[in-house]
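S.K.: Quick one: structure below, then a few questions.
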Amino acid sequence: MTTATTAACADCWKQAASGRPPVHDACLAAVRAERRAARRFWIRINPAGCVEGSVYPSALDSDTAEAAHKEFTPRAADRRRETAEGYRHERVNGDEWDRRARPCLTGSCRHRLAPQARDNHAA
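Numbering (my numbering), first residue to last: 1308 to 1430.
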């Protein structure tokens, strides 16, 4: 298995597969990067394009956008309304989650910063 920077040696992959930490620091970084990239998430995106939440597929009844939507919005009538308003749910990998969801969920995304910039210029 490889990452963009380095590959873990066979011994360290064997260690990681058995639940023990890899022996070499570089291998540890490679194993962590590989596992992070392999993780999957369902993200909830509001009509403005801002991610409002995420859930692991394993926490759902089924690995579908409908199941993810139901997790965030239990009432069917509310789900229909949200769909009509433009809410959507997408399945992403760990790298895409870091790129798209993390900024929104930590309050540093362009969706939240843009209104603040407009407000500052209007004052």
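Don't be surprised by glycine CBs; every beta carbon is placed ideally from N, CA and C.
Treat the numbers as computed from the prediction; the structure is a model and nothing was measured.
What are the boundary residues of the alpha helix (DSSP H) that includes ARG1387?
M.R.: Its alpha helix (DSSP H) spans residues 1383-1392.
S.K.: Could you round the C-beta distance between GLY1401 and ARG1351 to whole angstroms and report it? I think they count as a contact, below 8 Å.
M.R.: Wrong, their Cβ atoms sit about 17 Å apart, outside the cutoff.
S.K.: Would you mind sorting ASP1317 into buried or exposed? The rule is 16 or more other CB atoms within 10 Å of its CB.
M.R.: The amino acid at residue 1317 is misidentified as Asp; the sequence shows Ala. Flag for ALA1317 reads exposed.
S.K.: Assuming SER1361 and PHE1348 form a contact by the criterion Cβ under 8 Å, report the distance between their Cβ atoms to the nearest whole angstrom.
M.R.: Right, the Cβ-Cβ distance comes to about 5 Å (below 8 Å), so this counts as a contact.
S.K.: Take VAL1330 and list the residues in its own chain whose beta-carbon comes closer than 7 Å to its own, dropping the five residues that flank it on each side.
M.R.: Cβ neighbours of VAL1330 beyond the five flanking positions: ASP1318, CYS1319 and GLN1322.
S.K.: Determine the direct distance from the alpha carbon of VAL1358 to that of LEU1412, and round the result to whole angstroms.
M.R.: Cα to Cα, LEU1412 sits roughly 7 Å from VAL1358.
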